[in-house]
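Numbers given in the numbering used here equal positions in the sequence shown, counted from 1, plus 122.
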Amino acid sequence: MAGTRLREAKLLFKAGEYSGAYYLAGYSIECALKACFAKGVKRFDFPDKSRVQKIFTHKLPELAELANLKTELAAEKQLNRKFESSWSEVCKWSEERRYSVSTRAEADAILDAITRRKDGVLPWIKRHW
């Protein structure tokens, strides 16, 4: 789903639909973090119910923690200032943006922060799923 949301966001951006592009771009990161969480749940396991219930959030920093990426995230931000900037940009996103108008610059900024090969958030998350 992360890849699908990102492809949709890029298509919307190219079509000049910047609000939709921004909104779906953020969801690509949410889906990626939830995939990392899911990877940590082994088949036939019964995960802790309170932890599972917490995954129904849209807050990216909380999702990173639930995906057990807090330590790795802190280390990467410390080592790579460009990644830290990308993470900060992505964390501006909220599901509430569905009610907002986003500019071309905002959509471009989040897409860049997500997709940059060396310093992008999605390539970093993919290394952990």
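Don't be surprised by glycine CBs; every beta carbon is placed ideally from N, CA and C.
Across the structure, Leu244 and Ile236 are spaced so that their CA atoms are roughly 5 angstroms apart. Take the alpha-carbon of Ala196 and the one of Ile247: they are about 13 angstroms apart. Given a length threshold of 4 residues, each whole run of the alpha helix (DSSP H) inside the stretch 180-248 is given here in chain order: 182-188, 192-201, 203-212, 226-237, 243-248. The alpha-carbon separation between Leu188 and Gly148 amounts to approximately 17 angstroms. Judged by beta-carbon spacing, Thr193 lies beyond the 8 angstroms limit of Leu185, meaning their Cβ atoms are not closer than that value. Between the C-alpha atoms of Gly242 and Arg220 there is a straight-line separation of about 23 angstroms. Out of Lys161, Lys156, Glu198, the CA that lies nearest to the CA of Lys176 is found in Lys156. Between the alpha carbons of Ser207 and Lys214 lies a gap of roughly 11 angstroms. Leaving aside the five residues that flank Glu198 on each side, the residues in its chain whose CB is nearer than 7 angstroms to its CB run, in chain order, Phe205, Trp246.
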